[in-house]
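J.: Structure below; questions to follow.
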Amino acid sequence: MTGPFTALERLFERIFERPAARLFGAHVEPVQVRHRLERAMDGASRTAGGFVPDRYRVRVHPDDLAGLGDTVPGFSDALVVHARSRGYPLQRRPVVELSGDPGVSAGEVVVDATFEAAMEDGYADRARPGDGASGRPPADGTMVFEVPVARVPYATLIVRSPGVAPREFPVRAASLRIGRGDENDLVLPDSRVSRRHGLLSARQGGLVYTDLGSTNGSFVNAGRVSEVALGSGDVLQLGDSTVTVAPGR
Numbered sequence: 066m067t068g069p070f071t072a073l074e075r076l077f078e079r080i081f082e083r084p085a086a087r088l089f090g091a092h093v094e095p096v097q098v099r100h101r102l103e104r105a106m107d108g109a110s111r112t113a114g115g116f117v118p119d120r121y122r123v124r125v126h127p128d129d130l131a132g133l134g135d136t137v138p139g140f141s142d143a144l145v146v147h148a149r150s151r152g153y154p155l156q157r158r159p160v161v162e163l164s165g166d167p168g169v170s171a172g173e174v175v176v177d178a179t180f181e182a183a184m185e186d187g188y189a190d191r192a193r194p195g196d197g198a199s200g201r202p203p204a205d206g207t208m209v210f211e212v213p214v215a216r217v218p219y220a221t222l223i224v225r226s227p228g229v230a231p232r233e234f235p236v237r238a239a240s241l242r243i244g245r246g247d248e249n250d251l252v253l254p255d256s257r258v259s260r261r262h263g264l265l266s267a268r269q270g271g272l273v274y275t276d277l278g279s280t281n282g283s284f285v286n287a288g289r290v291s292e293v294a295l296g297s298g299d300v301l302q303l304g305d306s307t308v309t310v311a312p313g314r
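Number 314 marks the last residue of the sequence shown (our numbering); no jumps.
Put into structure tokens, the structure is as follows:
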């Protein structure tokens with residue numbers, strides 16, 4: 066049953082976000098699709114404990130689909146930026162698909178968001194609190210659950226430091242300490258890197274970087290960060306060193 070606040074929110078969405086195409090006969094614009102994708106991500110985060118989907122299927126009328134052109138890569142990048150601005154954890158870089166659906170009215174945008182990475186990795190099959198091996202509560206009534214093991218993402222780090230040849234560092238652990246000190250897992254011989262600069266952690270199959278109060282800060286794609294989810298192609302800059310996230314090899 067839909068709650069009154071959810072129904073009211075949907076009413077306002079229909080009033081304020083309905084594309085101008087319904088009034089003026091214009092095609093759906095990319096900015097309208099981006100806003101609907103962001104709303105879908107926000108809505109999912111409220112119902113999934115903060116986690117957000119990794120696959121988004123955008124359905125528009127076939128006439129509107131032709132006018133959108135090759136805009137899919139931009140939508141995926143926009144979702145990454147939106148997730149980071151809201152602090153949503155990403156399992157992987159969002160995948161966006163556009164499709165024409167005659168059942169969707171001209172000028173409308175419908176977004177179906179799913180957790181495909183989680184389903185592929187078996188998260189849907191994990192025992193819920195209170196479930197025994199047979200899916201029923203244990204005979205003694207004790208609430209039990211299996212603590213999920215952090216999945217290590219299949220990724221490689223391309224490391225570049227001043228005066229040192231580039232090197233590849235495969236991610237093999239659920240956490241990876243980065244800094245100038247020898248006690249770190251990934252040591253960066255860089256005077257502008259703090260002794261304990263940052264930490265890479267595996268969360269929901271993705272990589273999350275956390276700055277550990279470094280002196281010169283941490284930057285991802287030229288923007289300063291304190292904590293951020295990383296995807297393939299992202300460049301983490303620490304001091305004069307860079308760490309680029311690449312697919313596993």
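Here a beta-carbon is modelled for each residue, glycine too, at the ideal position from N, C-alpha and C.
Rounded to whole angstroms, what's the CA-CA distance from D250 to S291? Just pull it up for me.
T.: 20 Å
J.: At which residues does the alpha helix (DSSP H) containing A131 begin and terminate?
T.: P127 to L133
J.: Would you check if the distance between the CB atom of L253 and the CB atom of S283 is smaller than 8 Å?
T.: Between L253 and S283, the C-beta spacing is not below 8 Å.
J.: Can you look up E185 in the DSSP assignment and give me helix, strand or coil?
T.: Residue placement at E185 is flagged as unreliable, the pLDDT there being 39, under the threshold of 50; the coordinate-derived value follows with that caveat. In the structure shown, E185 sits in a helix (DSSP, three-state: H, G or I).
J.: In the DSSP output, what is L59 paired with across the bridge?
T.: Look at the range of the chain in this structure, 66 to 314, and you will see that residue 59 is not part of it.
J.: Using only CA atoms, which one of G296, V308, R257 and Q97 lies nearest to G323?
T.: A query on residue 323 cannot be resolved here, the shown segment of the chain reaching from 66 to 314 and no further.
J.: According to DSSP, is P118 part of a helix, a strand, or is it coil?
T.: coil
J.: So does the region 146 to 153 actually touch the region 260 to 267, counting three or more Cβ pairs closer than 8 Å?
T.: no
J.: Quick check: what's the CA-CA separation for S306 versus D255?
T.: 7 Å
J.: Give the straight-line distance between the Cα atoms of G139 and D276, rounded to the nearest whole angstrom.
T.: Cα atoms of G139 and D276: separation of roughly 28 Å, rounded to the nearest angstrom.
J.: Using the rule of at least 16 other Cβ atoms within 10 Å of the residue's Cβ for burial, across every protein chain shown, is E248 buried or exposed?
T.: If you draw a 10 Å sphere on the C-beta of E248, you find fewer than 16 other C-beta atoms in it, and that means exposed.
J.: So, with DSSP's three-state summary, where would you put G139?
T.: The DSSP-derived three-state label of G139 is helix.
J.: Does DSSP put S150 in a helix, in a strand, or in coil?
T.: helix
J.: As a quick exercise: from R158, V174 and L272, pick the residue whose alpha carbon is nearest that of S164.
T.: If we check each option's Cα against that of S164, V174 comes out closest.
J.: Let me know if V125 comes out buried or exposed under the rule of 16 or more other beta-carbons within 10 Å of its beta-carbon.
T.: buried
J.: Taking DSSP as the reference, what is the three-state secondary structure of D276?
T.: strand
J.: To which residues of the same chain is R268 closer than 6 Å at the C-beta, ignoring the five residues directly before and after it?
T.: P154
J.: Please report the straight-line C-alpha distance between V293 and V300, rounded to a whole angstrom.
T.: Take the alpha-carbon of V293 and the one of V300: they are about 12 Å apart.
J.: Near A143, what residues of its chain come up, given a Cβ to Cβ distance below 6 Å and the 5 sequence neighbours on each side ignored?
T.: R99
J.: Applying the 10 Å Cβ sphere with the 16-neighbour rule, what's the burial state of R315?
T.: Because the chain spans 66 through 314 in this model, residue 315 falls outside it and cannot be assessed.
J.: Can you name the residues that DSSP bridges to E233?
T.: I223
J.: From E94, E103 and I223, pick the residue whose C-alpha is nearest to that of G312; which is it?
T.: In the sequence as presented, Gly is not what sits at residue 312; that position holds Pro. Minimum Cα distance to P312 is reached at I223.
J.: Measuring CB to CB, does R260 end up less than 8 Å from G246?
T.: yes
J.: Using DSSP bridges, identify the partner residues of R268.
T.: G271
J.: Pick helix, strand or coil for A109, following the three-state DSSP scheme.
T.: helix
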